[in-house]
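Peer 1:
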Amino acid sequence: LAIGLTTRPYPLFRMPGWNRHSVGYHSDDGHKFCDDATGGQPFGPSWTKGDTVGCIYNVETGTVYFSLNGYLIGGGATGTGAFSGLESHVYYPSIGSDGSATVLVNFGAAPFKY
1 LAIGLTTRPY PLFRMPGWNR HSVGYHSDDG HKFCDDATGG QPFGPSWTKG
51 DTVGCIYNVE TGTVYFSLNG YLIGGGATGT GAFSGLESHV YYPSIGSDGS
101 ATVLVNFGAA PFKY
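Residues 1 to 114 (UniProt numbering) make up the sequence shown, in order.
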């Protein structure tokens with residue numbers, strides 16, 4: 001699985017972060033990807049079934065943060081975020097899977113777990 005942001009249109013067969021104007025945090029290796037289908041960069045722990053993964057996008061600053069089970073990953077504590085400079089496009093929340101998966105998505109209609 002991968003969670004992130006993409007622009008439209010985005011190929012349905014590509015994980016977030018693999019194509020231009022997209023970013024993603026991938027479950028299999030914990031790497032972050034930005035316009036990169038070749039391996040990404042080490043970022044945080046891998047994640048699996050039962051984990052709660054968050055993607056926080058500050059539209060005003062163009063900064064993206066990720067969290068895992070309630071803890072900000074990478075530059076979250078310092079305010080630098082996982083990615084910055086994303087204010088020049090309209091981004092949409094995205095989830096990618098290379099197989100069957102069941103996910104629960106919360107955009108704020110219910111209280112957040114963390």
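Quick reminder that beta carbons are idealized off the backbone N, C-alpha and C, glycines included.
According to DSSP, is glycine 70 part of a helix, a strand, or is it coil?
Peer 2: In the sequence shown, residue 70 corresponds to position 70, counting from 1. Residue state, collapsed to three classes: coil.
Peer 1: Measure from the alpha carbon of phenylalanine 112 to the alpha carbon of each residue in Glu87, Ser67, Ser84 and Ser88, then state which is nearest.
Peer 2: The sequence position of residue 112 within the sequence shown is 112, counting from 1. Closest by alpha carbon: Ser67.
Peer 1: Under the assumption that serine 46 contacts aspartate 29 (Cβ atoms under 8 Å), give the Cβ distance between them as a whole number of angstroms.
Peer 2: By one-based count along the sequence shown, residue 46 stands at place 46. By one-based count along the sequence shown, residue 29 stands at place 29. Rounded, the Cβ-Cβ distance is 6 Å, consistent with contact.
Peer 1: Taking glycine 62 as the reference, give the member of Leu12, Thr102, Phe107 and Val23 with the closest Cα.
Peer 2: On the sequence shown, residue 62 is found 62 positions in, with the first residue counted as 1. Ranking the options by Cα distance to glycine 62, first place goes to Val23.
Peer 1: For the region 84-110, list the beta strand (DSSP E) runs that are entirely contained and at least 3 residues long, ordered along the chain.
Peer 2: DSSP runs (the beta strand (DSSP E)) wholly in the region 84-110: 92-96.
Peer 1: When the Cα atoms are used, what is the spatial distance from histidine 21 to alanine 101?
Peer 2: What you label residue 21 is simply residue 21 of the sequence shown in a count that begins at 1. What you label residue 101 is simply residue 101 of the sequence shown in a count that begins at 1. Going by the C-alpha atoms only, they are around 25 Å apart.
Peer 1: Tell me the DSSP secondary structure of alanine 2 in three-state form.
Peer 2: Position 2 of the sequence shown, counting from 1, holds the residue named residue 2. In this structure, alanine 2 counts as strand in the three-state DSSP scheme.
Peer 1: When DSSP labels each residue in this structure, what does phenylalanine 13 get in the three-state scheme?
Peer 2: Here residue 13 is taken as the residue at index 13 of the sequence shown, counted from 1. If DSSP states are grouped into helix, strand and coil, phenylalanine 13 belongs with coil.
Peer 1: For asparagine 19, does the three-state DSSP call read helix, strand or coil?
Peer 2: Mapped onto the sequence shown, residue 19 falls at position 19. Correct three-state label for asparagine 19: coil.
Peer 1: CB of glycine 24 to nearest heavy atom of the ligand PLP: below 7 Å?
Peer 2: Among the components modelled here there is no ligand, and therefore nothing to report on the ligand PLP.
Peer 1: Taking the DSSP output, what are the residues bridged to phenylalanine 33?
Peer 2: Looking up residue 33 in the sequence shown gives position 33. Paired residues: Gly24.
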